[in-house]
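Undergrad:
Chains as they are written, first to last, in our numbering: chain D, 146 to 422; chain C, 764 to 1021.
#1: On the DSSP bridge list, what partners appear for residue 181(D)?
#2: Please report the residue range of the alpha helix (DSSP H) in which residue 268(D) lies.
#3: Let me know the alpha helix (DSSP H) ranges lying completely inside the segment 917 to 1004 of chain C, each 4 residues or longer, listed in chain order.
#4: Does residue 844(C) come within less than 9 angstroms of chain D when only Cβ atoms are used?
#5: Is residue 299(D) buried or exposed, if buried means 16 or more other CB atoms sit within 10 Å of its CB?
#6: Pair every Cβ in the segment 820 to 830 of chain C with every Cβ in the segment 968 to 983 of chain C, then say whether three or more of these pairs are closer than 8 angstroms.
#7: Determine the chain C residues that contact residue 249(D) at a beta-carbon separation under 8 angstroms, and present them in chain order.
#8: According to DSSP, simplified to helix, strand and coil, what is residue 830(C)?
#9: Does the distance from the C-beta atom of residue 218(D) to that of residue 353(D) stay below 9 angstroms?
#10: Closer than 8 angstroms by beta-carbon distance: list the chain C residues that pair up with residue 257(D), in chain order.
#11: Helix, strand or coil for residue 796(C)? Go by DSSP, reduced to three states.
#12: Tell me which residues of the segment 866 to 882 of chain C have at least one Cβ-Cβ distance to chain D shorter than 9 angstroms, keeping chain order.
#13: For the candidate residues 404(D), 195(D), 149(D), 226(D), whose alpha-carbon lies nearest to that of residue 342(D)?
#14: Look up residue 289(D) in the DSSP assignment and say whether it is helix, strand or coil.
#15: Under a CB-based cut-off of 9 angstroms, is residue 264(D) close to chain C?
#16: If we define contact as Cβ-Cβ less than 9 angstroms, is residue 965(C) a contact residue for chain D?
#17: At the 9 angstroms Cβ level, is residue 932(C) part of the contact set with chain D, yes or no?
#18: When we look at the beta-carbon of residue 964(C) and count the other beta-carbons within 10 Å, is it buried (16 or more) or exposed?
#19: Look at residue 174(D) and residue 395(D) and say whether their C-beta atoms are less than 9 angstroms apart.
#20: Quick one, which of 198(D), 401(D), 153(D), 224(D) has its alpha-carbon nearest residue 308(D)'s?
#21: Under 9 angstroms, Cβ to Cβ, is there at least one residue of chain D near residue 830(C)?
#22: Out of 799(C), 857(C), 948(C), 867(C), point me to the one whose CA is closest to residue 907(C)'s CA.
#23: Could you pull the start and end residues of the alpha helix (DSSP H) that residue 165(D) belongs to?
#24: Beta carbons nearer than 8 angstroms to chain C: which residues of the segment 272 to 301 of chain D have them?
#25: Residues bridged to residue 808(C) by DSSP?
#26: So what does DSSP say about residue 197(D), is it helix, strand or coil?
#27: Please compile the residues from chain D whose C-beta is within a distance smaller than 9 angstroms of the C-beta of residue 850(C).
#28: Please name the residue in 366(D), 268(D), 272(D), 209(D) whose C-alpha comes closest to that of residue 408(D).
#29: Check the C-beta distance from residue 912(C) over to residue 950(C) and give it rounded, since I have them as a contact under 8 angstroms.
#30: Could you name the residues of chain D that residue 847(C) contacts, counting a contact when the two beta carbons are closer than 9 angstroms?
#31: Is there contact here, the segment 943 to 961 of chain C with the segment 792 to 803 of chain C, by at least three beta-carbon pairs under 8 angstroms?
#32: Using the beta-carbon count (16 or more within 10 Å), is residue 764(C) buried or exposed?
#33: What does residue 780(C) touch in chain D if you count any residue whose Cβ is under 7 angstroms from its own?
#34: Run the CB neighbour count on residue 392(D), radius 10 Å, all protein chains shown included, and call it buried at 16 or more, exposed below.
#35: Do you know how far the Cα of residue 236(D) is from the Cα of residue 306(D)?
#36: On the criterion of 16 or more Cβ atoms from any shown chain inside 10 Å, does residue 924(C) qualify as buried, or is it exposed?
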């Protein structure tokens, strides 16, 4: 009796989840097999949208996966370094470092991207500061509207999502374990590769997954700092606006999600392989 | 040796802090400049962009929408999420973590995919797009955060205090309102503030599910797309003030550290 009431307590949350997540996602999958004819949805099942994605949009899809992989690898690495710093090197400053990460996590997704646009522009903060200091005489024009600008911006807003799971798993490592390894004669790198990294596996994979999914579906960053750079999100978004081709947009989204899941599983496999004793 | 490595780690820490915070700090600084170009050298400080912000016709409805949505999302997800966290805390650990994993799935999805899936779903079931659809969508991705935060508090909660209230004749509801709620109240309020921050900050899902009308982020988006004015920096600073402000209070209340 008592235990059944626990399930009733979860019921409202579960209702939200089923009505607003399971149902829309199920509809979304069905939608991807429909087509638009003369601005009307035709419910005749077809694979045409998926064919379209693989025939006409594989380049953008591949580029998106490449950008997302690069960003997720770099961000996960930085997240690991930051977590290591906070857990083992910062002492009493650890709280302050985490505080900064939590603040940047919850504040200003759109504003962060916009801020990078103002920083990297030809007449932007970085160029004007460097020119004012006399380090350069004319603006560096390649800062903005480049793949590097896109990756940098994506890394900036996704870093907290890598730090939090990695730091959480690093907190589970006691100082005693590290000291024991040191007492047994392990140097700095062996301790890192045989003690710390294996213990952080789940955090590292979680961080990578978070970053990859968020970055793979982003379309605001390429629009604001990428110039002519197109990621799959930039093709998905207009399908639900001006282009009005929901089924194609749904198929693009689902292919992107499947690619993300595949890359995440590959990454998880490689991390497990790399941290075997 | 040791001091040298300390210096190196100090430099790394400094670089991280600059990388994470400088875009946000610059945004705030440039909302107070007098020129219309966002670059150096800064020639003077003024409130002119803040004045332009409050004089912008679309600003007030957008602010009102953001606040209405934020408050509704905070209240609904705090109630729904706290109930779920209490139920989960009393369940076997393994089952609770599976259910929590499921409920967290919407957060894992790219916001764009969630946004367009919700948009097509709402339209297909003839739900009119507006503030209600935005609130529903925000509750979906805010409730996992509430559940995680409140659940973390509930598992360290001593169930015996509730049992003793029940032994003394309190009904389950009385026990909840006189014993459980006063103890977990700060954490619930903190979680509600996190939900509000997430809601006020959200751009992508709002953009697809609002139909017509604006919140602060969608207004900023429109302004960025049509031309840069530092008034954008003022609105951005206001968004940051709302989201970071509530996050800081939430962190104090929940003592949540990662």
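Where is the CB? At the ideal position from N, CA and C, for every residue including glycine.
All values reported here derive from a predicted model rather than from experimental measurement.
TA: Taking the geometry as given:
#1: Translated into positions along the first chain, residue 181(D) becomes position 36. Answer is 186(D), bridged to residue 181(D).
#2: As a first step, residue 268(D) is located in the first chain; it is residue number 123 there, counting from the start. No alpha helix (DSSP H) holds residue 268(D); DSSP gives it neither H nor E.
#3: Every alpha helix (DSSP H) of 4 residues or more that sits fully in the segment 917 to 1004 of chain C is shown, in chain order, as 922 to 930, 935 to 938, 944 to 964, 967 to 972, 979 to 989.
#4: Taking the first residue of the second chain as 1, we reach residue 844(C) at position 81. Closer than 9 angstroms to some Cβ of chain D, the Cβ of residue 844(C) qualifies, so yes.
#5: For this step, residue 299(D) is matched to residue 154 along the first chain. Within 10 angstroms of the beta-carbon of residue 299(D) lie 16 or more other beta-carbons, which makes it buried.
#6: Taking 8 angstroms as the limit for Cβ pairs, the verdict is that the segment 968 to 983 of chain C does touch the segment 820 to 830 of chain C.
#7: Your numbering for residue 249(D) matches position 104 in the first chain. 783, 784, 787, listed in chain order.
#8: As a working mapping, residue 830(C) is identified with position 67 in the second chain. Note: residue 830(C) maps to helix in three-state DSSP.
#9: Residue mapping note: residue 218(D) aligns to position 73 of the first chain, counting from 1. Residue mapping note: residue 353(D) aligns to position 208 of the first chain, counting from 1. Yes, they are a contact pair.
#10: Taking the first residue of the first chain as 1, we reach residue 257(D) at position 112. Chain C residues near residue 257(D): 786, 787.
#11: Here residue 796(C) refers to the residue found at position 33 of the second chain. Three-state DSSP puts residue 796(C) in a strand.
#12: Listed by position along the chain: 866, 868, 869, 870, 871, 872, 873, 874, 875, 876, 877, 878, 879, 880, 881, 882.
#13: As a working mapping, residue 342(D) is identified with position 197 in the first chain. Minimum Cα distance to residue 342(D) is reached at 226(D).
#14: By 1-based counting over the first chain, the position of residue 289(D) is 144. In this structure, residue 289(D) counts as coil in the three-state DSSP scheme.
#15: Start at 1 with the first residue of the first chain, and residue 264(D) comes out as number 119. Output row for residue 264(D): interface = yes.
#16: In the second chain, residue 965(C) corresponds to position 202, counting from 1. Residue-level contact check: residue 965(C) touches chain D, since one or more beta carbons of chain D fall below 9 angstroms from its beta carbon.
#17: Taking the first residue of the second chain as position 1, residue 932(C) is located at position 169. Judged by the 9 angstroms Cβ criterion, residue 932(C) is not in contact with chain D.
#18: The sequence position of residue 964(C) within the second chain is 201, counting from 1. Residue 964(C) is buried by the Cβ-count criterion.
#19: Stepping through the first chain from its first residue, residue 174(D) is reached at position 29. Stepping through the first chain from its first residue, residue 395(D) is reached at position 250. Less than 9 angstroms separates the beta-carbon of residue 174(D) from that of residue 395(D).
#20: To locate residue 308(D), count along the first chain from 1; it is residue 163. The shortest Cα separation from residue 308(D) among 198(D), 401(D), 153(D), 224(D) belongs to 224(D).
#21: Within the second chain, residue 830(C) is the residue found at index 67, counting from 1. No, residue 830(C) does not count as interfacial toward chain D.
#22: As a first step, residue 907(C) is located in the second chain; it is residue number 144 there, counting from the start. That would be 867(C), whose Cα lies nearest to the Cα of residue 907(C).
#23: The residue you call residue 165(D) lines up with position 20 of the first chain. Run containing residue 165(D): none; DSSP gives neither H nor E here.
#24: Listed by position along the chain: 272, 273, 274, 277, 301.
#25: Your numbering for residue 808(C) matches position 45 in the second chain. Looking at the DSSP assignment, residue 808(C) forms a beta bridge with 796(C).
#26: Along the first chain, one-based indexing puts residue 197(D) at 52. Helix, per DSSP.
#27: As a position in the second chain, residue 850(C) is number 87, starting the count at 1. The contacting residues are 150, 151, 152, 153, 154, 155, 156, 158.
#28: Mapped onto the first chain, residue 408(D) falls at position 263. Of the listed residues, the one whose Cα sits closest to residue 408(D) is 209(D).
#29: One-based indexing of the second chain puts residue 912(C) at position 149. One-based indexing of the second chain puts residue 950(C) at position 187. Right, their Cβ atoms sit about 6 angstroms apart.
#30: For this step, residue 847(C) is matched to residue 84 along the second chain. 154, 155, 156, 157, 158, 159, listed in chain order.
#31: Judged by Cβ distances under 8 angstroms, the segment 943 to 961 of chain C makes no contact with the segment 792 to 803 of chain C, as fewer than three pairs qualify.
#32: The residue given as residue 764(C) occupies position 1 in the second chain. Caution is warranted here: a pLDDT of 49 is assigned to residue 764(C), below 50, making its placement in the model unreliable, and no coordinate value can be reported.
#33: Against the second chain, residue 780(C) aligns to sequence position 17. Chain D residues near residue 780(C): 245.
#34: Here residue 392(D) is taken as the residue at index 247 of the first chain, counted from 1. Residue 392(D) counts as buried, since at least 16 other C-beta atoms from the protein chains shown sit within 10 angstroms of its C-beta.
#35: Locating residue 306(D) in the first chain gives position 161, counting from the first residue. Locating residue 236(D) in the first chain gives position 91, counting from the first residue. One Cα belongs to residue 306(D), the other to residue 236(D), and the distance between them is close to 22 angstroms.
#36: Counting from one through the second chain, the residue named residue 924(C) turns up at place 161. Around the beta carbon of residue 924(C), fewer than 16 other beta carbons lie within 10 angstroms, which makes this residue exposed.
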